[in-house]
Amino acid sequence: MKRILLVDDSPVQLRMLDLLLRDKYEILTSASGHEGIRYAKKEHPDLILLDYDMPTMSGKEMFEELQETEDTKDIPVVFLTGVHEREDVAEVLKLRPQAYLLKPVDQDLLLKTIKKILSES
């Protein structure tokens with residue numbers, strides 16, 4: 804079973820995503836970027852769903868650190884975020900994540916995106 808790491812500072816968002824995905828995937832959850840990096844290094848998930856706007860370490864900072872680490876640089880990342888500002892979106896897209904989906908995320912679009920990424924990896 805493919806493993807997905809959910810990283811979001813919102814317990815509600817984590818719970819919603821867990822309920823949506825747990826029948827099809829093994830789910831790991833993290834409430835912070837620092838913890839998310841530890842999980843990614845230890846558990847080697849097949850995909851990371853990452854919130855952009857988090858305290859302490861942003862999703863962008865976490866993604867950059869994952870990209871700089873040999874063990875985690877090839878893990879696909881999808882940003883799930885409420886950040887719509889053009890400059891922020893442009894900054895994230897420069898990092899080349901697998902996808903960038905706006906919250907509230909359309910469940911069908913999310914499932915299709917995950918399926919496409921995991922079938923390619």
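Residues in the sequence shown are numbered consecutively from 804, following the working numbering.
C-beta: ideal position from N, C-alpha, C; glycine also.
Quick check: what's the CA-CA separation for residue i versus residue j?
i    : j    : result
D856 : D811 : 8 Å
H837 : E871 : 14 Å
E868 : Y903 : 18 Å
A843 : D877 : 11 Å
K919 : D821 : 19 Å
Restricting to Cα atoms, I'd like to know which of the options is closest to residue i.
i    : options                : result
D849 : K805, L914, D909       : K805
Q816 : L898, S922, V908, L912 : V908
E923 : E894, V892, H887, P879 : P879
L808 : P858, V895, T875, M860 : T875
How about residue i: is its C-beta nearer than 8 Å to some C-beta of chain D?
i    : result
I840 : No chain D appears in this structure, which consists of one protein chain only.
From the DSSP output, which residues share a beta bridge with residue i?
i    : result
P890 : One point to set straight first is that residue 890 is Glu, not Pro, in the sequence displayed. Looking at the DSSP assignment, E890 forms no beta bridge with any residue, so it has no partner.
E829 : R806
At which residues does the beta strand (DSSP E) containing residue i begin and terminate?
i    : result
A902 : 902–905
V880 : 880–884
L852 : 850–854
Looking at the secondary structure, which residues open and close the alpha helix (DSSP H) in which residue i lies?
i    : result
V815 : 814–824
K915 : 910–923
A843 : 836–846
M865 : 862–871
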